[in-house]
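Novice:
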Amino acid sequence: MNELYDVLKASKASDFLIREEQTESREAFFIGQKLDMSRAKKVTHTFLTVFVDSEDGKFRGSAEKEIHQGISREEMKQEIDQALFAAQFVQNPWYPVAEPSDAQASADMADAFRDLTAELVKLVQAMQEIKAEEDSRVNSYEIFVNQKQTHIRNSRGVDVTFSGFDCEIEVVTNSRKDDHEIEIYKDLRFSDKSAEKIIAEVRGMFHTGRQRLNAVPTRQNEHADVLLTGNAVGSFFQYFAMHTNASYQYMGVAKAKIGEAITGADADPLNIRLVPTLDGSAKNAPYDETGMPVAERVLFENGICRSYWGSLQHAHYIGMKDTTSMNNMVVEGGSKTLDELRSMPHIEITDFSAFDMDAVSGTCGGEIRLAYESDGTTSHPTTSGSLSARYDDVLKNLTFSKETQQINNRVVPCAVLLRDVTVAGE
10 MNELYDVLKA SKASDFLIRE EQTESREAFF IGQKLDMSRA KKVTHTFLTV FVDSEDGKFR
70 GSAEKEIHQG ISREEMKQEI DQALFAAQFV QNPWYPVAEP SDAQASADMA DAFRDLTAEL
130 VKLVQAMQEI KAEEDSRVNS YEIFVNQKQT HIRNSRGVDV TFSGFDCEIE VVTNSRKDDH
190 EIEIYKDLRF SDKSAEKIIA EVRGMFHTGR QRLNAVPTRQ NEHADVLLTG NAVGSFFQYF
250 AMHTNASYQY MGVAKAKIGE AITGADADPL NIRLVPTLDG SAKNAPYDET GMPVAERVLF
310 ENGICRSYWG SLQHAHYIGM KDTTSMNNMV VEGGSKTLDE LRSMPHIEIT DFSAFDMDAV
370 SGTCGGEIRL AYESDGTTSH PTTSGSLSAR YDDVLKNLTF SKETQQINNR VVPCAVLLRD
430 VTVAGE
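The sequence shown begins at 10 in my numbering and counts up one residue at a time.
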């Protein structure tokens with residue numbers, strides 16, 4: 010990096026940023042419960058961003074390139090010249106780059122270095138505990154254990170190095186009934202998760218497969234009360250983070266305004282904050298990709314917007330004095346327990362083919378893979394059909410569970426009740 014930094018200092022770049030990422034990993038690939046392949050990797054990627062100012066600093070353009078390892082000084086100059094040439098054709102209003110600043114101290118960061126082989130063995134042992142059942146089995150899985158060290162330098166004196174640790178398990182299960190078979194895929198990402206929780210999640214995939222095999226078609230209901238559970242809840246609450254993002258504010262599409270409520274008077278109190286670190290999250294880091302410190306920030310307090318977040322560029326455009334990126338998001342629980350929410354007639358949707366949330370149009374929904382139609386006392390599984398909802402409608406009386414769940418870098422309620430929404434079906 011030092012040589013690249015020196016070449017950049019001598020170039021015509023108005024500003025520049027270098028980000029070097031060194032990732033060491035241990036990986037294992039299984040077919041059924043039999044090891045198919047394992048490997049260890051250590052790779053380094055160096056990314057360069059150059060900034061070019063024009064019209065006496067009125068405009069700023071940027072371009073990014075990956076600088077490959079082992080190239081000569083002359084080749085570096087050629088790569089930089091190509092990036093500078095591309096950057097001059099971009100004309101955004103001027104904005105600054107990060108200045109040197111200390112990140113908030115965190116005990117979580119000190120534990121970033123791990124014995125990768127030992128961590129891989131722990132995850133393999135957990136997965137090996139999952140035995141095939143009469144109608145369900147593990148088809149295959151892949152395990153990745155990663156240690157990443159990031160070094161960031163820029164032209165303004167930022168020079169920071171930090172480490173991160175994360176794991177990923179991609180699992181495919183099969184459930185069969187007569188001649189009908191269901192395949193379930195799940196991607197688990199975390200920095201720390203107990204064997205018991207991993208086993209429970211995979212066995213939950215067995216349960217999902219069984220329920221889908223016994224499900225009947227979802228019925229049409231244009232005025233349904235829908236209970237969202239599972240991973241879709243994390244995507245649902247991402248809407249609020251998007252509308253407090255500085256880029257949305259700058260583009261004029263944001264619904265959130267500081268000091269104003271985003272939810273209705275009959276909705277549960279909405280409390281959301283961003284935090285640099287979260288136990289078990291794969292997204293913990295003291296700095297973002299530009300070398301700017303990541304700080305804790307309250308986005309909503311009792312439904313009232315308290316602050317924004319986002320890139321230094323867009324924060325500058327809207328006049329924010331300080332900003333932060335988003336590593337982890339914590340949403341506090343609501344007013345009712347899961348049992349209370351399930352005690353009323355509803356449709357609980359646990360799995361989608363994909364849950365789509367469009368923050369600009371304010372819509373959300375998706376194709377239903379598994380749901381449960383309930384009269385408040387008894388329920389039965391359904392499949393097919395789709396959910397369609399508008400945030401402007403459901404935020405008036407949004408209700409969510411007291412209980413919360415962690416989905417990697419997000420802590421969110423276990424369930425969200427959407428009243429009077431459309432469920433397409435037979």
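Ideal placement from N, C-alpha and C gives every residue a C-beta, glycine not left out.
Quantities reported herein were computed from a predicted structural model and do not represent experimental measurements.
Counting only the same chain and skipping the five closest in sequence on each side, list residues whose C-beta sits under 6 Å from that of Pro249.
Specialist: Counting from one through the sequence shown, the residue named residue 249 turns up at place 240. First, the residue type needs correcting, since residue 249 is Phe and not Pro in the sequence shown. Correct list, in chain order: Ile281.
Novice: With distances taken from CA atoms, which of Gly343, Tyr326, Asp288, Met335 is nearest Gly312?
Specialist: Stepping through the sequence shown from its first residue, residue 312 is reached at position 303. Nearest of Gly343, Tyr326, Asp288, Met335 to Gly312, Cα basis: Gly343.
Novice: Taking the CB atoms as reference points, tell me whether Glu84 and Thr55 lie closer together than 8 Å.
Specialist: Position 75 of the sequence shown, counted from the first residue, corresponds to residue 84. Position 46 of the sequence shown, counted from the first residue, corresponds to residue 55. Not closer than 8 Å, so no.
Novice: Going straight from the alpha carbon of Ala380 to that of Glu357, what length do you get?
Specialist: Translated into positions along the sequence shown, residue 380 becomes position 371. Translated into positions along the sequence shown, residue 357 becomes position 348. About 5 Å.
Novice: Starting from the C-beta of Asn254, find all residues in its chain whose C-beta is less than 6 Å away, skip the five residues before and the five after it, and write them out in chain order.
Specialist: Along the sequence shown, read from residue 1 onward, the residue named residue 254 stands at position 245. Taken in chain order, the residues that qualify are Gly319.
Novice: Looking only at C-alpha atoms, which of Ala96, Thr58, Thr126, Phe25 sits nearest to Asp49?
Specialist: Along the sequence shown, one-based indexing puts residue 49 at 40. Before going on, a small fix: residue 49 reads as Ala here, not Asp. Checking every option, the nearest Cα to that of Ala49 belongs to Thr126.
Novice: Whole angstroms are fine: how far does the CA of Glu210 sit from the CA of Val130?
Specialist: If you number the sequence shown from 1, residue 130 lands on position 121. If you number the sequence shown from 1, residue 210 lands on position 201. In a straight line, the C-alpha of Val130 is about 19 Å away from that of Glu210.
Novice: Go through its chain and collect everything with a Cβ distance to Ala116's Cβ below 6 Å, but skip five positions before and after it.
Specialist: Locating residue 116 in the sequence shown gives position 107, counting from the first residue. Caution applies to Ala116, whose pLDDT of 46 falls short of 50 and renders its modelled position unreliable; the value that the coordinates give is listed next. No residues qualify anywhere along the chain.
Novice: Any chance the stretch 32 to 41 sits against the stretch 56 to 74, with 3 or more Cβ pairs inside 8 Å?
Specialist: Result no; under three Cβ-Cβ pairs closer than 8 Å.
Novice: State whether the stretch 413 to 420 contacts the stretch 391 to 400, with contact taken as three or more CB pairs (one from each stretch) at a distance under 8 Å.
Specialist: Short answer: they don't touch.
Novice: Taking only three categories from DSSP, how would you classify Tyr104?
Specialist: Taking the sequence shown and counting its residues from 1, the one referred to as residue 104 is at position 95. Looking at Tyr104 - three-state DSSP - the assignment turns out to be coil, as it is neither helix nor strand.
Novice: So, helix, strand or coil for Ile267, using DSSP?
Specialist: On the sequence shown, residue 267 is found 258 positions in, with the first residue counted as 1. Here Ile267 sits in coil by DSSP.
Novice: Quick one: what does DSSP say Ser244 is sitting in, helix, strand or coil?
Specialist: Position 235 of the sequence shown, counting from 1, holds the residue named residue 244. Here Ser244 sits in helix by DSSP.
Novice: In this structure, what does DSSP give as the bridge partners for Pro109?
Specialist: Your numbering for residue 109 matches position 100 in the sequence shown. BP columns for Pro109 are empty, so no partner.
Novice: So, is Asn293 buried or exposed, given that buried needs 16 or more other C-beta atoms within 10 angstroms?
Specialist: As a working note, residue 293 is residue 284 in the sequence shown. With 16 or more other Cβ atoms within 10 Å, it is buried.
Novice: I'd like the span of the alpha helix (DSSP H) that includes Gln31, first residue to last.
Specialist: Taking the first residue of the sequence shown as 1, we reach residue 31 at position 22. Here Gln31 belongs to no alpha helix (DSSP H); instead the beta strand (DSSP E) covers 24 to 40.
Novice: Whole beta strand (DSSP E) runs in the stretch 272 to 312 with 3 or more residues, listed along the chain?
Specialist: Here the runs fully enclosed are 281 to 284, 306 to 310.
Novice: What three-state label does DSSP hand Ala116 in the structure shown?
Specialist: One-based indexing of the sequence shown puts residue 116 at position 107. Unreliable positioning characterises Ala116 in this predicted model, as indicated by a pLDDT of 46, which lies under 50. The coordinate reading is nonetheless provided below. Here Ala116 sits in helix by DSSP.
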